[in-house]
């Protein structure tokens, strides 16, 4: 992916994906990885791979086509938001990795935060669309592990660490995993997070159906607990839909599921949302639903 053997410019990736589909008849997606370690490049508002040029319509449309999902959390921290961006959110401090980029060759600055966290990117995408452009940040969410041990353990009390060189060792938590003495930044083994899974609402348990659900963004991520969530938006939901035994049927019939676009409202219409959640039977807390 890097020069001289490849390219770090996403345009080249998108060209390859296009050629793959044309050549094979296959169907592919690109899912960006670890925005919180991009030092502001993941959701930049200018083309940093082409001397900071302004985005053109083709760039925005092509990105929106191929990059429909983003990895919002994994073992190297949370990419949803940051306390400096969401000071009133009590959960914004969850699993922070805000000291540098992936290989610690560049130290993090406050300015970088604004274009590497997903929640802010969603807002920026709406602004781009409202100004007459195309929204390149209309994203669904997946979770990941990025474990290099072959062991996917989703809970802190059963977490084996991220890399084989750290295991097995009673000192693994306090080992310096990576550091840059010149910049004065480093992190230890204990700062790796237990990873979270991706949940997908598919029509059947097949590879094709799961892929189709990911492509339409009917997916979400958790920080580990297997919480079940359904979310629909529409203009005609009522209390009976919430109390009924077939909430999902009402959701699909009267609205659209997570990841979809609401149809344009007629004059005076205001959207409402139908939300359902079930906690993990292993004991994940779910005493409320926080909607942001």
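In our numbering, the protein residues as written are 25 to 316.
From the three backbone atoms N, C-alpha and C, an ideal C-beta is built for every residue, glycine too.
For residue 298, the residue or residues it bridges with in DSSP: Taking the chain shown and counting its residues from 1, the one referred to as residue 298 is at position 274. Answer by DSSP bridge pairing, in chain order: 256.
Proximity to residue 131 [Cα-Cα], best of 255, 138, 123: Along the chain shown, read from residue 1 onward, the residue named residue 131 stands at position 107. Per the Cα distances, 123.
Residue 138 beta carbon less than 8 Å from that of residue 121: Here the question's residue 121 lines up with position 97 in the chain shown. Here the question's residue 138 lines up with position 114 in the chain shown. Not closer than 8 Å, so no.
C-alpha gap between residue 119 and residue 290, whole angstroms: Along the chain shown, one-based indexing puts residue 119 at 95. Along the chain shown, one-based indexing puts residue 290 at 266. Residue 119 and residue 290: Cα-Cα distance of roughly 42 Å.
Where residue 46 falls, given that 16 or more other Cβ within 10 Å makes a residue buried: Within the chain shown, residue 46 is the residue found at index 22, counting from 1. Classification for residue 46: exposed.
Integer-rounded CB distance, given that residue 97 should sit under 8 Å from residue 167: Residue numbering aside, residue 167 sits at position 143 when the chain shown is read from its first letter. Residue numbering aside, residue 97 sits at position 73 when the chain shown is read from its first letter. That belief holds up - the Cβ atoms of residue 167 and residue 97 are roughly 5 Å apart, short of 8 Å.
Option nearest residue 224 by Cα separation, candidates 217, 216, 233: Along the chain shown, read from residue 1 onward, the residue named residue 224 stands at position 200. Per the Cα distances, 233.
Whole-number beta carbon distance between residue 239 and residue 53, since they are thought to touch under 8 Å: Numbered from its first residue, the chain shown carries residue 53 at position 29. Numbered from its first residue, the chain shown carries residue 239 at position 215. Confirmed, Cβ separation roughly 6 Å.
Under 8 Å between C-beta atoms of residue 300 and residue 254: For the purposes of this step, residue 300 is taken as residue 276 along the chain shown, with counting starting at 1. For the purposes of this step, residue 254 is taken as residue 230 along the chain shown, with counting starting at 1. A contact, by the Cβ cut-off of 8 Å.
Opposing strand residues paired with residue 281 [DSSP bridges]: Position 257 of the chain shown, counted from the start, is the residue given in the question as residue 281. Bridge partners of residue 281: 256.
Alpha carbon of residue 317 to alpha carbon of residue 32, nearest angstrom: The chain is shown from 25 up to 316; residue 317 falls before or after that span and cannot be answered.
Through-space distance from residue 104 to residue 145, alpha-carbon basis: The residue you call residue 145 lines up with position 121 of the chain shown. The residue you call residue 104 lines up with position 80 of the chain shown. So the alpha carbons of these two residues sit roughly 9 Å apart.
Straight-line Cα distance separating residue 117 from residue 136: Here residue 136 is taken as the residue at index 112 of the chain shown, counted from 1. Here residue 117 is taken as the residue at index 93 of the chain shown, counted from 1. When rounded, the distance between both Cα atoms is 17 Å.
Nearest-angstrom Cα separation, counted from residue 311 out to residue 74: For the purposes of this step, residue 74 is taken as residue 50 along the chain shown, with counting starting at 1. For the purposes of this step, residue 311 is taken as residue 287 along the chain shown, with counting starting at 1. Approximately 47 Å, taken between the alpha carbons.
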